[in-house]
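Have a look at the structure below, then the notes.
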Amino acid sequence: MKILIAKNSGFCFGVRRAIDIALSVSKKSGSVYTIGPIIHNPQVVEELENKGVKVIRKLSDINSGSIIIRAHGVPKNIFDEAKAKGIKILDATCPFVTRSKNYAEKLAKEGYKIIIIGNPKHPEIKYIFSYLPKNTVILKTNEDIKKLKFFPKIGIITQTTQSPENFIKIAAGLLGYSNEFKIFNTICPDAINRQKETMKMAGKCDVMFVIGGKNSANTKRLAAISKKIRKKTYHIETAQNLKNEWLKNAKCVGIVAGASTPDWIIKEVVRKIKKEDRKVVWKR
Numbered sequence: 035m036k037i038l039i040a041k042n043s044g045f046c047f048g049v050r051r052a053i054d055i056a057l058s059v060s061k062k063s064g065s066v067y068t069i070g071p072i073i074h075n076p077q078v079v080e081e082l083e084n085k086g087v088k089v090i091r092k093l094s095d096i097n098s099g100s101i102i103i104r105a106h107g108v109p110k111n112i113f114d115e116a117k118a119k120g121i122k123i124l125d126a127t128c129p130f131v132t133r134s135k136n137y138a139e140k141l142a143k144e145g146y147k148i149i150i151i152g153n154p155k156h157p158e159i160k161y162i163f164s165y166l167p168k169n170t171v172i173l174k175t176n177e178d179i180k181k182l183k184f185f186p187k188i189g190i191i192t193q194t195t196q197s198p199e200n201f202i203k204i205a206a207g208l209l210g211y212s213n214e215f216k217i218f219n220t221i222c223p224d225a226i227n228r229q230k231e232t233m234k235m236a237g238k239c240d241v242m243f244v245i246g247g248k249n250s251a252n253t254k255r256l257a258a259i260s261k262k263i264r265k266k267t268y269h270i271e272t273a274q275n276l277k278n279e280w281l282k283n284a285k286c287v288g289i290v291a292g293a294s295t296p297d298w299i300i301k302e303v304v305r306k307i308k309k310e311d312r313k314v315v316w317k318r
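Here it is in structure tokens:
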């Protein structure tokens, strides 16, 4: 059996930055909090909690201490409330997410009807939306376009973890709804590279394992992309989720991981596969 591990696996720049900020602050401050998980990986969040970085659900849960803004950002009203309460704020919002927000604000100032392509329930989209006019539209699928009317000017951005395919499909579907468009491709370059590598690997291997939190948008995207090409695709969080029967008759196993997945979890999965096949050859 051969194991192939995607080169673009493990923490992305934005996630690594957020974790480094959290670890640095936890060593210096007494009470450190994040509103919601700092990243979408339960194992990393638990590890950080053991080091003093506590997750809270709402700002009213605390009166003092330091707040770390999660990698996905938080809505403007929460940021403003923390400032008003005199709570120390450390912004770990991913720079690519902030860039998306800045582009959207620029489009709004220029008079464009803002359309965001993404999941309205995702923290990143909630963060960006909170800085924009209330009539900003969020489109998750092509079906959502039908509710729109004609607008003189449309400005488009997208969730950083979107697939280029879905972004282009929805943007193209908007062509009949305006005469003027301004589009910023705000998909994270790292997300694009992971998606390309996943497609390539899924075409080579008999079995694919996509490692990452079940609540991680980018990991779910990778799993969906892989599943289209390779039916035997399994989205797992840890090595404990891996079932031995999935490896039966496999000559090539592909491993990709989401942007919030630590290397130690990837290594545990590899170790379990190697334990099942002593003749395994692997490379990254």
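Using my numbering, the first residue of the sequence shown is number 35, and each one after it goes up by one.
Even for Gly, the Cβ is constructed at its ideal location relative to N, Cα and C.
Since this is a predicted model, take the numbers as computed values, not measurements.
Put simply, the stretch 163 to 173 does not touch the stretch 222 to 236. Fewer than three CB pairs are less than 8 Å apart. For the 7 Å CB-CB criterion, C128 and A293 do not form a contact. In this structure, the alpha-carbon of E199 lies about 37 Å from that of E83. For V59, the uninterrupted alpha helix (DSSP H) run begins and ends at 47 to 62, by DSSP. Around the beta carbon of T175, fewer than 16 other beta carbons lie within 10 angstroms, which makes this residue exposed.
When the alpha-carbon of N278 is set against those of I300, K306, K265, the nearest one is in K306. Note: T68 is bridge-paired with V89, I102 in the DSSP secondary-structure output. Between T192 and T220, the gap from beta carbon to beta carbon is short of 7 Å.
Only residues of its own chain outside the window of five on either side were considered, and among them L141, Y146, I148, K216 have a CB closer than 6 Å to the CB of G189, listed in chain order. With respect to the 7 Å criterion, I69 and I90 are classified as neighbours on the basis of their beta carbons. In chain order, D240 place their CB closer than 8 Å to the CB of N283, counting only its own chain and leaving out the 5 sequence neighbours on each side.
Straight-line spacing of the CA atoms in S250 and I112 works out to 22 Å.
Distance from the CA of V303 to the CA of A273, rounded to the nearest whole angstrom, comes to 5 Å. For V78, no beta strand (DSSP E) run applies; the uninterrupted alpha helix (DSSP H) run containing it begins and ends at 76 to 84, by DSSP.
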